[in-house]
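Respectively, the protein sequence lines represent chains L, V and X.
In terms of the numbering used here, the numbers along the first sequence are unbroken and rise by one, the last being 405.
In terms of the numbering used here, the numbers along the second sequence are unbroken and rise by one, the last being 130.
In terms of the numbering used here, the numbers along the third sequence are unbroken and rise by one, the last being 349.
Cβ atoms here follow ideal geometry from the backbone N, Cα and C, with glycine treated the same way.
Everything on this sheet refers to the single structure shown next.
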Amino acid sequence: MPSAEEVMTVTDRATGHGPGGARRPPEATLADETEAQARFERLIAQDERVEPRDWMPEAYRATLIRQVAQHAHSEIIGMQPEGAWLTRAPSLRRKAILLAKVQDEAGHGLYLYSACETLGADRDDLTEKLVSGRQKYSSIFNYPTLSFADVGVIGWLVDGAAICNQVPLCRSSYGPYARAMIRICKEESFHQRQGYELLMTMMAGTEEQRAQVRDAVDRWWWPSLMMFGPPDAASPNTARSMAWRIKRHTNDELRQRFVDITVPQAEALGVTLPDPDLRWNAERGHYDYGPIDWDELARVIRGDGPCNAERIETRRTALRDGEWVRQAAAAYAAKRAARDAVGTGVAG
Amino acid sequence: MNTTGDTPDAGAARATTPGDGGAGADTGAPARDRRGEWPLYEVFLRGRRGLNHVHVGSLRAADDTMALRHARDLYTRRNEGVSIWVVRSDAIAASSPDERDPFFAPSADKVYRHPTFYAIPDDVPHL
Amino acid sequence: MAVDNAYEALTEDSRDLGDRWAYGTGFQDPLSGVDATLPTGADLPAAARHVLGLGDDALVMAHRLSEWCTHAPELEEEVALANIALDLLGQARLLLARAAQLDPGLRPAGVAGHVPDEDALAFFRSAEEYRNVRLVEVPHGDFGHLVARLLVFSTWRLGVVDRLTGSRDPVVAAVAAKAVPEIAYHRDHAAGWTLRLGDGTDESHRRMARGLAEVWPLVGELFTTADAERPAIADGVGVDPATTRAEFEDVLRRVRGQATLGPPGADLRRDGDAPATAWGRTGRHTAALRDLLAEMQSVARAHPEGRW
Chain L
58 MPSAEEVMTV TDRATGHGPG GARRPPEATL ADETEAQARF ERLIAQDERV
108 EPRDWMPEAY RATLIRQVAQ HAHSEIIGMQ PEGAWLTRAP SLRRKAILLA
158 KVQDEAGHGL YLYSACETLG ADRDDLTEKL VSGRQKYSSI FNYPTLSFAD
208 VGVIGWLVDG AAICNQVPLC RSSYGPYARA MIRICKEESF HQRQGYELLM
258 TMMAGTEEQR AQVRDAVDRW WWPSLMMFGP PDAASPNTAR SMAWRIKRHT
308 NDELRQRFVD ITVPQAEALG VTLPDPDLRW NAERGHYDYG PIDWDELARV
358 IRGDGPCNAE RIETRRTALR DGEWVRQAAA AYAAKRAARD AVGTGVAG
Chain V
4 MNTTGDTPDA GAARATTPGD GGAGADTGAP ARDRRGEWPL YEVFLRGRRG
54 LNHVHVGSLR AADDTMALRH ARDLYTRRNE GVSIWVVRSD AIAASSPDER
104 DPFFAPSADK VYRHPTFYAI PDDVPHL
Chain X
42 MAVDNAYEAL TEDSRDLGDR WAYGTGFQDP LSGVDATLPT GADLPAAARH
92 VLGLGDDALV MAHRLSEWCT HAPELEEEVA LANIALDLLG QARLLLARAA
142 QLDPGLRPAG VAGHVPDEDA LAFFRSAEEY RNVRLVEVPH GDFGHLVARL
192 LVFSTWRLGV VDRLTGSRDP VVAAVAAKAV PEIAYHRDHA AGWTLRLGDG
242 TDESHRRMAR GLAEVWPLVG ELFTTADAER PAIADGVGVD PATTRAEFED
292 VLRRVRGQAT LGPPGADLRR DGDAPATAWG RTGRHTAALR DLLAEMQSVA
342 RAHPEGRW
């Protein structure tokens, strides 16, 4: 369905705004702006997609850039906790699956940076903001992976939570973001399956393996719940993001959905989620769950998680070590272009 | 040391890769030039015979060859049956999506006149 | 491509999984559907040795490539390197499994019965029992080293595997047929980077030249054959790598020339004149392989009865 729009996306970027916002010819008047605002609001109200070159409020643009960039950064940093087990995966099939999954995460990061660039952001600038700590990534990736069972639990819980978050975003009001999310969700679904399948297999293995699975579930359950962000009462931007249809559900709604989906999966797996307050509430038609340690989330976001410094340093090192390679490729392309120009008699 | 500044063609780099691309022959160059940033490419795929190429996203590459290769790796998982086009984002001319756009600027934008501009949804037959 | 509704995508049944899983990650027996008849009249233990060596090459190379994950110079290159590693891992799984079929005696003793042959061979052999060439085991250096190793490895392997498509072993022939376009792609990738680095900046030129110089002493070994695998060549199951050397040298000469790295001339000849020894193919390795395996096998060996 969105194919024609997708073509338009490119053309929009090509002639649209550069970094820093929409092109604004001097003759643009206040009346134009008012009409544009009305049009934007009509698009949102009709649940249409906003496309890159459409007029949009600066706050809408800024909110999206922040959200999409944070999402992109999370995919890239998220490669690390699992990537750490690539060289130790205990079967060749698991090694291949894990490599394919970590590769997908790089791909997802690229889809999202691409969407973000249609808003006038620049990937290099975003990366710079990531490594200098001015933009965040999901705090879940600041926890260490202690055994191979963590690979399975990340697939099941962390990717499961991500899917709950992301599926509604496939209908986000911003076209390029929504389209990137469709692609990503499609791939994430098998990330979750591979994780769950690994855990099922390990639970059918030795007692030691079962203990590893239980330990990993204990460590990742609460951080997974925190992935949905602060409770609605403490999330001042949610209302505006929902009005703009950048978000489609509140943090607490999504968290509840995740809990409701996950509890039966845990039972099927034969593990106990580490929450004594977790029980079915027939009146609400949902599972109740215990209080979340929001201080911990705040600490990890602030940078005091177990792996914050290591994650950023790894990314920074890759960028620094790759600099001469990127330069070489650019220099080679320039030489080639210059030679081609001479060869065809076209002035450079 | 500024390694790209040593290449004799640094000036050409500036001409062919606006805003980036291994220029920076002098110290006044912006930091991002010295980082060797690659230009943005848009990627179009023909998923199977009988369909138009459809825009699927963008990527960065130093040159066309690399862009095609990355597109194949990233967007098709190297499916041999797929036809891929890549084009530098800054080489695309375009109309405004909606002529009521207050910032619409008439220019040499004729992309929409081409039949391929109107990509056909995959599930519409006989088009 | 046609999926616009992500909810639909999530509920699709598993028949679609094949599209989404990358190479070699499927759930089936990697050799299912291929005629697994053993070649009649062939020296099967020798054939197994030959196939094992080619499988070990792919496995160790894939492992070294996977070490680059999260360290690549650009995100697009992360994806490209992972693709290459996945291809090689897929080849390794098929070849190891086939080696164990050709000679069940290769399977290490005492490995739990539920462990597939490919894993028994990958995770429960010592370095001395590995048969890979040393080129793939030496630790990785910078990106120039990666490109140099990949260029040499894939150029050499393409020549060998291309000839293996005519193997009398139907499985080896099938694996080779699948691998040829993969390796050709790897070689192109490496050649493209050799040009960019060689003819890029002064620094990249220096690093590319250094990378090639570093791997060059390991090239001679690529064209050797261990005595134990020699009958496989006579039987038409295997390929004598020495027959691919001229082609290898020609490709390297052309790529180096285009990359402004000059004719390899002196160093290539010096190595060619040296009496070549089948180091890795006879189980003689550098210390790096022991370290690599210690890491790679750590989890599998800590849980010998484990299920994954």
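Where the alpha helix (DSSP H) through residue i begins and ends
| i | result |
| --- | --- |
| L:Phe285 | No alpha helix (DSSP H) contains L:Phe285, which DSSP labels as neither H nor E. |
| L:Tyr344 | From DSSP, L:Tyr344 is part of no alpha helix (DSSP H) but of the beta strand (DSSP E) over His343 to Asp345. |
| L:Tyr253 | Gly232 to Met260 |
| X:Val75 | Careful: X:Val75 lies outside any alpha helix (DSSP H) and carries neither H nor E. |
| L:Glu324 | Asn308 to Leu326 |
| V:Met69 | Asp67 to Tyr78 |
| L:Ile303 | Unbroken run through L:Ile303: none, as it is neither H nor E. |
| L:Tyr170 | Leu149 to Glu174 |
For residue i, the nearest candidate out of the options (CA to CA)
| i | options | result |
| --- | --- | --- |
| L:Arg297 | L:Thr91, L:Ala323, L:Glu90 and L:Glu98 | L:Glu98 |
| X:Val280 | X:Arg325, X:Arg90, X:Gly82 and X:Ala77 | X:Arg90 |
| L:Asp334 | L:Gly327, L:Val320, L:Ala325 and L:Leu326 | L:Val320 |
| X:Leu136 | X:Trp320, X:Ala214 and X:Glu119 | X:Ala214 |
| V:Leu48 | V:Thr68, V:Ala65, V:Arg75 and V:Glu40 | V:Arg75 |
| L:Trp351 | L:Gly212, L:Pro109, L:Ser281 and L:Thr184 | L:Ser281 |
| X:Leu162 | X:Gly303, X:Ala168, X:Ala153 and X:Pro149 | X:Pro149 |
| V:Val57 | V:Val85, V:Ser98 and V:Ala96 | V:Val85 |
| L:Arg314 | L:Arg302, L:Glu162 and L:Cys221 | L:Cys221 |
| L:Ala163 | L:Ser189, L:His128 and L:Ser148 | L:His128 |
| X:Thr78 | X:Arg209, X:Val152 and X:Leu293 | X:Arg209 |
| X:Arg247 | X:Gln142, X:Arg331 and X:Thr301 | X:Thr301 |
| X:Thr285 | X:Gly303, X:Thr266 and X:Tyr226 | X:Thr266 |
| L:Tyr168 | V:Val46, V:Asp66 and V:Asn55 | V:Val46 |
| X:Met102 | L:Thr144, L:Gln94 and L:Met136 | L:Thr144 |
The beta strand (DSSP E) enclosing residue i, as first and last residue numbers
| i | result |
| --- | --- |
| V:Tyr44 | Leu43 to Arg49 |
| V:Leu62 | Val57 to Arg63 |
Local conformation of residue i per DSSP, three classes
| i | result |
| --- | --- |
| X:Asn173 | coil |
| X:Thr66 | Unreliable positioning characterises X:Thr66 in this predicted model, as indicated by a pLDDT of 44, which lies under 50. A coordinate reading is not provided. |
| V:Arg52 | coil |
| L:Trp337 | strand |
| V:Ser86 | strand |
| X:Arg325 | coil |
| X:Arg286 | helix |
| V:Arg91 | strand |
| X:Gly146 | helix |
| X:Val179 | coil |
| L:Val357 | helix |
| L:Val107 | strand |
| L:Met113 | coil |
| L:Ser131 | helix |
| X:His112 | coil |
| X:Arg139 | helix |
| L:Gln384 | helix |
| X:Ser167 | coil |
| X:Gly233 | helix |
Residues that residue i contacts on chain X, provided the C-beta gap is smaller than 8 Å
| i | result |
| --- | --- |
| V:Phe76 | Before going further, note that residue 76 of chain V is Asp rather than Phe in the sequence given. Within 8 Å Cβ-Cβ: Glu117, Val120, Ala121 and Asn124. |
| L:Asp378 | His112, Pro114, Asp183 and Phe184 |
| L:Ile133 | Leu116 |
Contact set between residue i and chain B, taken where Cβ atoms lie within less than 9 Å
| i | result |
| --- | --- |
| V:Trp41 | Looking for chain B here will not work: the only protein chains present are L, V and X. |
Interface partners of residue i on chain V, CB under 7 Å
| i | result |
| --- | --- |
| X:Arg228 | Simply none; closest approach about 12 Å. |
| L:Ala297 | Note on residue identity: the sequence assigns Arg, not Ala, to residue 297 of chain L. Simply none; closest approach about 24 Å. |
| L:Arg393 | Asp66 |
Contacts of residue i in chain V (Cβ-Cβ under 9 Å)
| i | result |
| --- | --- |
| L:Arg180 | Glu40, Leu43 and Arg63 |
Chain-ordered chain L contacts of residue i [CB-CB under 8 Å]
| i | result |
| --- | --- |
| X:Leu236 | Tyr389 |
Listed by chain order, chain X residues near residue i by CB distance under 9 Å
| i | result |
| --- | --- |
| V:Arg72 | Glu117, Ala121, Tyr226, Asp229, His230 and Gly233 |
Open item on the list: If the cut-off is 8 Å on Cβ atoms, which residues from the segment 162-187 of chain X count as contacting chain L, listed in chain order?
Closed with: Hits within the stretch, in order: Ala163, Phe164, Asp183 and Phe184.
Task: Interface positions of the segment 137-170 of chain L facing chain V (Cβ-Cβ less than 8 Å), listed along the chain - done: Only those residues of the segment 137-170 of chain L whose C-beta falls short of 8 Å from the nearest C-beta of chain V are listed: Gly164, Leu167 and Tyr168.
TODO: Would you list, in chain order, the members of the segment 240-267 of chain X that have their beta-carbon closer than 9 Å to a beta-carbon of chain L?
DONE: The residues in question are Asp240, Gly241, Thr242, Glu244, Ser245, His246, Arg248 and Met249.
TODO: Would you list, in chain order, the members of the segment 361-375 of chain L that have their beta-carbon closer than 7 Å to a beta-carbon of chain X?
DONE: For the segment 361-375 of chain L, the residues whose beta carbon sits under 7 Å from a beta carbon of chain X are, in order, Thr371 and Ala375.
- [ ] Could you list the residues in the segment 134-154 of chain X with a C-beta less than 9 Å from some C-beta on chain L, going in chain order?
- [x] Listed by position, the residues of the segment 134-154 of chain X near chain L (Cβ gap below 9 Å) are Arg134 and Leu137.
Open item on the list: Which residues of the segment 94-107 of chain X have a Cβ closer than 7 Å to any Cβ of chain L? Give them in chain order.
Closed with: Per Cβ criterion, the list reads His104 and Ser107.
Open item on the list: Output needed in chain order: residues of the segment 258-271 of chain L with a Cβ under 8 Å from some Cβ in chain X.
Closed with: Answer in chain order: Thr258, Met259, Ala261, Gly262, Thr263, Glu265 and Gln266.
Open item on the list: Beta carbons nearer than 9 Å to chain V: which residues of the segment 206-233 of chain L have them?
Closed with: Of all residues in the segment 206-233 of chain L, Pro233 have a Cβ within less than 9 Å of some Cβ in chain V.
Task: Residues of the segment 320-347 of chain X with Cβ closer than 7 Å to any Cβ of chain L, in chain order - done: Cβ contacts with chain L: Glu336, Met337, Ser339, Val340, Ala341, His344, Glu346 and Gly347.
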